[in-house]
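Engineer:
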Amino acid sequence: MSKPYLSLEQIDMVFSRGGASTQVLNQVSLSVEKGEFISIIGHSGCGKSTLLNIVAGLTQATRGVVFLEGTVVDTPGPDRAVVFQNHSLLPWLTVYENVKLAVDKVFSASKSRAERHEWTMRNLELVQMVHARDKHPSEVSGGMKQRVGIARALAMEPKVLLLDEPFGALDALTRAHLQDQVMQIHTELANTVLMITHDVDEAVLLSDRIVMMTNGPSARIGEILDVPLDRPRRRIELAADATYIRCRSSVLKFLYERHRLVEAA
Amino acid sequence: MTASPVPIRPTEKPQAAKIMTLSIPPKTGSPRRLPPWLTSLAAHVVPPIITLVFLLVLWEILCSSPTASVPPPSRVVSETWELIVHPFYAGQGVDQGLFWHILASLKRVALGYCLAAVAGIALGTLVGQSEWAMRGLDPIFQVLRTVPPLAWLPLSLAAFKDGNPSAIFVIFITAIWPIIINTAVGIRNIPQDYQNVARVLRLNQFEYFTKIMIPAAAPYIFTGLRIGIGLSWLAIVAAEMLIGGVGIGFFIWDAWNSSRISDIILALIYVGIVGYLLDRAIAFVARTVTRNTASA
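The listed protein sequences derive, respectively, from chains A and F. Heads up, the first sequence stops at 265 in UniProt numbering, and the numbers go up one at a time, no gaps. Heads up, the second sequence stops at 296 in UniProt numbering, and the numbers go up one at a time, no gaps.
Listed below in structure tokens is the structure:
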């Protein structure tokens, strides 16, 4: 029996604070094939970030297991590199040093000093940030910071790339530009990607499959939608594409009709 | 998380732009002829000089009567002229130029302060990192830090049986508390994001300490160091008055015992200037080191 590349099995997450406990995730199971681009979409507070943190190993699931290539993963590691929503670059290091820190740590044994430098530069090239290599994070724009964050994650050569609302804090134009870059990188490197998002267009544009979460508490996977669009995808052509529109409207229907966020009155 | 468009309230009608004429202040004086750097220098130097001259004149007037207990500035200068022009004079025992007195004080401060910085950052790291160390040590620190510096002097004299190490110990114990407390706060406040990065990268304890913890806490640590140097300089003068020997504190006490009020005034001015320079020096180091640690 062949195991999927990445599989989440019956993940339950319960947060207990004092005497009260809240079930955040309920029986979440998901299989991801190698090279797949999966988006997880849902309203705020549905536990999608928690789910990503569990895969990253930053949070321990209450019940359930995450398998990566048949091995249980329950601690954080560079094989599941995370691009954090707020980039999380170290402000006292330059753009180059931020990526180099990851490269030095992950490839300390397997690459020579010169090779590590090469590899750092390769990844900065991939996100087109070589020109700002000696700048500090405070000196570059939000989009650039996020690109460096992506370069840092890619430089770890992760088995799964975890993106936690990577474009959430960016303006629409920068976001579109970065989405194109991420698609480009995904085409080139064929990474396995798990992305959290709350942007329907972003999910449809980038993903092979969209995992839609029901509202919390006790969120579960409501539906999984295949996005049978050919790659490379071009956002302008897709805007009029029937499949794109169908996918988009079924996600919208899920989010705004069947699982509307009921505001606390 | 979702950015919702800001609704335009219908009640707010766009107002017609008013044209306002701003009056241009007439150019005064000669700054046009001066280079800009000189103008900016003058803007910073002239006001304090005016204040200083004003205060000196006031002091001169208030203390000009022959019966005044405090000498006016003119007499201070004439009486201390020897000390002012011969700062490097080296005589017997405590009969030294003011430079040597200040140097002796600075040496004590440097030693006590450096020990306090090392021990303070180490203890602060411990307290900041470990919940149990904090619970165990913090109450003790909070009590001990309120003990006035000079109250430690008799105890340290009893322990060291010598003036010099006692003075150094007083500096140490004075400077260490703000360094410990600020370091601990800085370490406790390391953003979760940086810790997550460290965990994903699997940094070991040593790498975490050098690459994340110290740089992230540096602004706090330097706040502690800066408070510490100020307190050290406050304490050294008082401690030296009691332990004697060469040092600016004992110089002041000696001058008082010989009723040389002008010498005391001169020494106070020097103490103030040196204290100011120490503070600026630490502030400068802090700026240089933590230039890029402000969260981006």
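All residues carry an ideal CB built from backbone N, CA and C; glycine is no exception.
Can you tell me whether F:F54 is helix, strand or coil according to DSSP?
Structural biologist: DSSP places F:F54 in helix when its eight states are reduced to three.
Engineer: Opposite A:T71 in the DSSP bridges: which residues?
Structural biologist: DSSP, once it has assigned bridges, lists A:L68 as partnering A:T71.
Engineer: Show which residues of chain A have a CB atom less than 7 Å away from the CB atom of F:N182.
Structural biologist: Chain A residues near F:N182: none, gap ~18 Å exceeds 7 Å.
Engineer: Taking Cβ-Cβ distances shorter than 8 Å, what residues in chain A pair up with F:L203?
Structural biologist: K105
Engineer: Does the count of Cβ pairs from the segment 102–115 of chain A and the segment 48–65 of chain A closer than 8 Å reach three?
Structural biologist: no
Engineer: In the DSSP assignment, find the unbroken beta strand (DSSP E) run with A:V160 in it and report its ends.
Structural biologist: It spans 160–164 - the beta strand (DSSP E) in which A:V160 sits, taken as one unbroken run.
Engineer: In this structure, does DSSP put A:A157 in helix, strand or coil?
Structural biologist: Before going further, note that residue 157 of chain A is Glu rather than Ala in the sequence given. Three-state result, A:E157: coil.
Engineer: Show which residues of chain A have a CB atom less than 8 Å away from the CB atom of F:Y194.
Structural biologist: S88, L90
Engineer: State the Cα-Cα distance for the pair A:D199 and A:T75, rounded to the nearest angstrom.
Structural biologist: 29 Å
Engineer: Tell me which residues share the same chain as F:A119 and place their Cβ nearer than 7 Å to its Cβ, disregarding the 5 neighbours each side in the sequence.
Structural biologist: I176
Engineer: Who does A:F15 pair with in a DSSP beta bridge?
Structural biologist: A:T22
Engineer: Per DSSP, A:I40 forms a beta bridge with which residues?
Structural biologist: Looking at the DSSP output, A:I40 shares a beta bridge with A:I196, A:V211.
Engineer: Quick one: what's got a C-beta closer than 7 Å to F:S105's C-beta in the same chain, skipping five residues either side?
Structural biologist: I236, E240, G247, I248, G249
Engineer: Given this structure, state the Cα-to-Cα distance separating A:I210 from A:R17, to the nearest angstrom.
Structural biologist: Each residue's alpha carbon lies about 32 Å from the other.
Engineer: Quick one: using the 10 Å Cβ neighbour count with 16 as the cut-off for buried, is A:Q179 buried or exposed?
Structural biologist: A buried status is given to A:Q179, since no fewer than 16 other beta-carbon atoms sit within 10 Å of its beta-carbon.
Engineer: Just the chain F side, please: which residues come within less than 8 Å of A:P76 by C-beta, in chain order?
Structural biologist: N196, R199, V200, R202
Engineer: Quick one: does F:P31 have its CB under 9 Å from some CB of chain A?
Structural biologist: Bear in mind that a pLDDT of 49 at F:P31, under 50, signals an unreliable position, so the number given afterwards is only what the model happens to contain. No, F:P31 lies away from the interface with chain A (no Cβ there is under 9 Å from its Cβ).
Engineer: Say whether the segment 210–219 of chain F touches the segment 266–285 of chain F, bearing in mind that this needs 3 or more beta-carbon pairs closer than 8 Å, one atom from each stretch.
Structural biologist: A contact between stretches requires three or more CB pairs, one per stretch, nearer than 8 Å, and the segment 210–219 of chain F fails this requirement with the segment 266–285 of chain F.
Engineer: When the Cα of F:W152 is compared with those of F:A167, F:N189, F:Y194, which residue comes out closest?
Structural biologist: F:A167
Engineer: Is DSSP giving F:D254 helix, strand or coil here?
Structural biologist: Secondary structure of F:D254 (DSSP, three-state): helix.
Engineer: Would you mind stating whether A:L89 and A:V148 have Cβ atoms separated by less than 9 Å?
Structural biologist: yes
Engineer: Specify, as a first and last residue, the run of the beta strand (DSSP E) that A:G222 falls within.
Structural biologist: 221–226
Engineer: Quick check on DSSP: helix, strand or coil for A:V32?
Structural biologist: strand
Engineer: Mind checking if A:F67 is an interface residue toward chain F, Cβ cutoff 9 Å exclusive?
Structural biologist: Closer than 9 Å: no.
Engineer: So, using beta-carbon positions, are F:F141 and F:I187 closer together than 9 Å?
Structural biologist: no
Engineer: For F:A117, which residues in the same chain have their Cβ closer than 8 Å to its Cβ, ignoring the five residues on either side in sequence?
Structural biologist: In chain order, A175, I179, L225, G228 place their CB closer than 8 Å to the CB of F:A117, counting only its own chain and leaving out the 5 sequence neighbours on each side.
Engineer: Put A:S110 into one of helix, strand or coil per three-state DSSP.
Structural biologist: coil
Engineer: Residue 266 of chain A CB to nearest chain F CB: under 9 Å?
Structural biologist: Nothing about residue 266 of chain A can be reported from this structure: the residues present for chain A run from 1 to 265 only.
Engineer: Check the Cβ of A:V82 against every Cβ in chain F and list those closer than 9 Å, keeping chain order.
Structural biologist: N196, V197, V200
Engineer: Name the one or two DSSP bridge partners that A:S7 has.
Structural biologist: A:S31, A:F67
Engineer: Please go through the same chain and pick out, in chain order, the residues whose beta-carbon is closer than 6 Å to the beta-carbon of A:P20, but skip the five residues on each side of it.
Structural biologist: The residue you asked about is not Pro; residue 20 of chain A is Ala in the sequence shown. Here the set comprises nothing.
Engineer: Tell whether a beta-carbon distance below 9 Å holds between F:L157 and F:G163.
Structural biologist: yes
Engineer: For the alpha helix (DSSP H) containing A:N86, list its first residue and its last residue.
Structural biologist: For A:N86, there is no enclosing alpha helix (DSSP H), as DSSP marks it with neither H nor E.
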